[in-house]
Amino acid sequence: MRKITVADYLVEFLIANGVTDVFGYQGGMVCHIFDSLGSYRDKIRYHSCCNEQGAAFAACGYAQAAGKLGVIITTSGPGFTNAFTGLANAWFDSIPVMLISGQVNTKDKKRSYTFRQYGFQEMQATAAAQSITKKCYEVDDDTDIPAVLQDAYITAMKGRKGPVFLDFPINIERNVIDAPDELLGITLPTPKCFNATSYIDELLKAKKPIIIAGAGITQCGEREKFRELVNLLKIPVVTTLPGVDLIPTDTPYHVGYFGGTGRREAGIVLKNTDFVLSVGTRLCNKAIGYNHADFIPKATKLIRVDTDTAEFERQLKECEVDIEADIRSFLISATAYAKNVANNYDHSLWVNAVNKMKKFMSAEDITFGNTLIKRFSEIMPEKANILLDVGNNMIYGAQSSVIKKGTRVFTSCGLGSMGYAVPASVGVAIGNEEATYVVTGDGGAQMNIQELNVIAKKQLPVKILVLNNHSLGHIILFQDHYLDCRRVATTETGNDYYSCDFSAIGQAYGIRSYKIKDVSDLKQYQEMLVDKKPLLLEMEYEDCSMLPNIHGGLDPLTNGPKLSDDVVNQIRKIMEI
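Basically our numbering = 1-based index in the sequence shown + 5.
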């Protein structure tokens, strides 16, 4: 045994559990922790972001890209509140993140007093964080530090992953405690085995079966196992938006993502399937629609596989069967069984019909944004990260990005936070060290534009495409639909919304930055788009809509921009196998 400070113990604990990088912003109430990070910099790197919200999004990106615990370190008060949005993002998207926020000395804490504040920059952070974390820990004089850190790590990483919060008073950080000579990493509990045999049997016996695949598959680290299962079953896969990268675009089983912002193809498949296996998704109303009768109307059974039984509180269909299972265990069992029996079944007529329909629909609902992002993603290498900011740019990206075998797509889905993509790209690029591409709009880009400084100073391989239409295009859709096209605070013409010169800002930070006017202009920057240095391209264009913009559950053939009668009739005929 030896004597070390709590700050040193914390840093050694993170190192022992595989954390190679942490994100944050220095402050008085965490100066001891940052000092310890400096002492261990040969084993763990700290990345000083320009704002705590940026640090929190970077930690989210790191956790998702590296498959490790993401760590944010902020000072008390405003440091914590700035990080709050990123903490919420981790909660809703099930990202294992640990936020460590400094706090005033334990003797200066407000505790049960009724006045507003005792210590400077003090706030009762645990009360604020409870609704968006799996667990909060208010560290005090009598806290067992090793036990708390172990419980926090297991809580964040076990089952449905998510964020935890530690409120750390400054005097506790410098306390001296006993520690073993070497800290060992935590071995997470092994999930229970699961027998998926009967469910795969039912799926294979159906005439028009599909899988709905969600981000829970990626979160448990089983993307390749899932792809193996799909190639054995040989049936179509519809993904959620968070799971859009699960199936490469060029596979015969790829349909695309479904929901109110998806293309028609996935909606057409959902209207015609007779059996659905849903894995790793909560099937939110934004995707399936608020009238659940419209969702998979011809299906005789919906099997929902989820780790979190709380999601089953929303019963969606009378034909629903809810399965509580570890996603990894389910996929391992399903794949093992499929190897033995899948060849006994033939769904080629169904798969061919879906692919014929997709080809028939490929030219419909294509905007400038779709064409731009398709070409942008074609340039990317086989292994690449794509980060989509919230707005129409996210929809273009999710609809039209070419998903290659090694493509990963990241976005803020549950919280839907504009300003996510630029700071998250810092963590993603550091987390898996692959080429990283950001698609953002003029609204979202300005929200955390300061993190361009981190990208520039660290020379991260981040390529940023800013779609600058000088407006908030996605909000305009709402205004056109619900507010008689009154453009309030969404366009520059009303002098109540403001874009800027992004290429000039990028250059000011030391990033190669250029304006482009057309999709064909990407070609002259092709070499820069695949090198190891930062790049910013600003595409100025007239606002274009997001199509087809059909609310979840509605008939994709008779809603949205009108399809010709011939197209509608042809699609219906194709799908009637």
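Each residue gets a CB set at the ideal place from its N, CA and C atoms; glycine is no exception.
Only a predicted model underlies this, so the values are computations on that prediction, with no experimental measurement involved.
For Gln-108, the three-state secondary structure derived from DSSP is strand. With respect to the 9 Å criterion, Phe-381 and Leu-527 are classified as neighbours on the basis of their beta carbons. Within the segment 88-164, the complete alpha helix (DSSP H) runs of at least 4 residues fall at 130-134 and 150-162.
For Leu-488 and Thr-496, the gap between their C-alpha atoms comes out near 15 Å.
Separation of the CB atoms of Gln-69 and Val-433 is rounded to 7 Å, and the pair is thereby assigned contact status at 8 Å. Contact annotation: Leu-457 and Ile-510 have beta-carbon atoms nearer than 9 Å.
Around the beta carbon of Ala-304, a 10 Å sphere encloses 16 or more other beta carbons of the protein chains shown; the residue is thus reported as buried. In the three-state DSSP reduction, Thr-312 falls in the coil class, being neither helix nor strand. In this structure, Ile-480 keeps its C-beta atom at 9 Å or more from the C-beta atom of Asp-548.
Around the beta carbon of Ile-582, a 10 Å sphere encloses fewer than 16 other beta carbons of the protein chains shown; the residue is thus reported as exposed. By the CB criterion at 9 Å, Pro-101 and Ala-161 fall inside the cutoff. Proximity to Thr-148 across Asn-554, Thr-111 and Ala-440 peaks at Thr-111, based on C-alpha coordinates. A distance below 9 Å separates the beta carbons of Leu-477 and Gly-446. When DSSP states are grouped into helix, strand and coil, Lys-197 belongs to the coil group.
A contact is defined here as three or more CB-CB pairs under 8 Å, and the segment 459-471 fails this definition with respect to the segment 88-103. About 5 Å separates the CB atoms of Thr-80 and Val-35; that is less than 8 Å, so the two are in contact. According to DSSP, Leu-321 shares a beta bridge with no other residue. Contact annotation: Thr-286 and Thr-245 have beta-carbon atoms nearer than 9 Å. The beta carbons of His-297 and Leu-321 sit closer together than 9 Å.
Listed in chain order, the alpha helix (DSSP H) runs fully inside the segment 13-52 are 36-44, counting runs of at least 4 residues. Note that the C-beta distance between Arg-7 and Ala-184 is below 9 Å. Around the beta carbon of Gly-424, a 10 Å sphere encloses 16 or more other beta carbons of the protein chains shown; the residue is thus reported as buried. Rounded to whole angstroms, the Cβ separation of Leu-470 and Phe-507 is 10 Å, and the two are not in contact under 8 Å. By the beta-carbon neighbour count (other beta carbons within 10 angstroms, threshold 16), Pro-566 is exposed. Sixteen is the threshold: since fewer than 16 other Cβ atoms of the shown chains lie within 10 Å of the Cβ of His-486, the residue is exposed.
Per DSSP, Tyr-67 lies in no beta strand (DSSP E); the unbroken alpha helix (DSSP H) holding it starts and ends at 57-71.
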